[in-house]
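Convert by adding 66 to the 1-based position in the sequence shown; the result is the number in our numbering. Presented below is the structure to which this report refers.
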Amino acid sequence: AGGGRMWMEEEGTRVNHIRTDHFLETGADVVGVSCPFCLQMMEEGIGAKGMGDTKQAKDLLELLAESLDGPESG
């Protein structure tokens, strides 16, 4: 994927929709990404699949911060 071709219109199946399908196949509720462009792509893909209420894309640093806060902080 990557952001190098961010402004080019894709032909055929969009890469972020393929990546979103891969994520949804895992059954996980959250996918972690380290790239701001990938975060944007995953969020759009999750929304396009109508899964925005149950699935999330988060930056890896968000996940790290949440883990440091501990389970009681929710």
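Note that the Cβ used here is the ideal one computed from N, Cα and C, for glycine as well. It should be emphasised that the depicted structure is a prediction, and the values quoted were computed from it without experimental measurement.
Can you check which of these residues, the options, is closest to residue i by C-alpha distance?
i: L126; options: S100, H83 and M107; result: S100
i: C104; options: H83, D119 and E91; result: H83
What separation, rounded to the nearest whole angstrom, lies between the Cα atoms of residue i and residue j?
i: D95; j: G116; result: 14 Å
i: D119; j: P102; result: 21 Å
i: A123; j: T79; result: 20 Å
i: G136; j: G98; result: 18 Å
i: V81; j: S133; result: 30 Å
i: E77; j: E110; result: 17 Å
i: L130; j: Q106; result: 19 Å
i: H88; j: K121; result: 13 Å
Beta carbon of residue i, beta carbon of residue j: below 8 Å?
i: T86; j: I112; result: yes
Give me the DSSP bridge partner(s) of residue i.
i: Q122; result: V96
Can you list, in chain order, the residues of its chain whose CB lies under 7 Å from that of residue i, leaving out five sequence neighbours each side?
i: A114; result: H83
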